[in-house]
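Contents: one structure, followed by commentary.
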Amino acid sequence: MELKVKDMSCGGCANSIARAVIGVDPAAKLDIDVTTKTVKIHSALPPERLVAVIEAAGFHPTVNA
Numbered sequence: 003m004e005l006k007v008k009d010m011s012c013g014g015c016a017n018s019i020a021r022a023v024i025g026v027d028p029a030a031k032l033d034i035d036v037t038t039k040t041v042k043i044h045s046a047l048p049p050e051r052l053v054a055v056i057e058a059a060g061f062h063p064t065v066n067a
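Just add 2 to wherever you are in the sequence shown, counting from 1, and you've got the numbering used here.
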């Protein structure tokens, strides 16, 4: 799953997103690119759960088609 997180602007933001996702799925694999504002997540959790977790961390992700 790939998300666009337009309000992710720094490494601190990326760390917050990573901590939020790993908090609900410790086995998740993340590839976060602050420059392109993309977050790729490989997780067994449903996409809507991952979006909700990132939103709860204070960000506004959208799913890349």
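We put the beta carbon where it would ideally sit given N, CA and C, even for glycine.
The beta carbon of Pro-49 sits closer than 8 Å to the beta carbons of Met-3, Val-65 from its chain, once the five residues preceding and following it are set aside; these are given in chain order.
Per DSSP, the unbroken alpha helix (DSSP H) holding Val-26 starts and ends at 13 to 26. Taking the C-beta atoms as reference points, Leu-32 is found no nearer than 8 Å to Lys-39.
Where Pro-49 is concerned, the enclosing alpha helix (DSSP H) starts and stops at 49 to 58. Between Ala-46 and Asn-17, the alpha-carbon positions lie close to 20 Å from each other.
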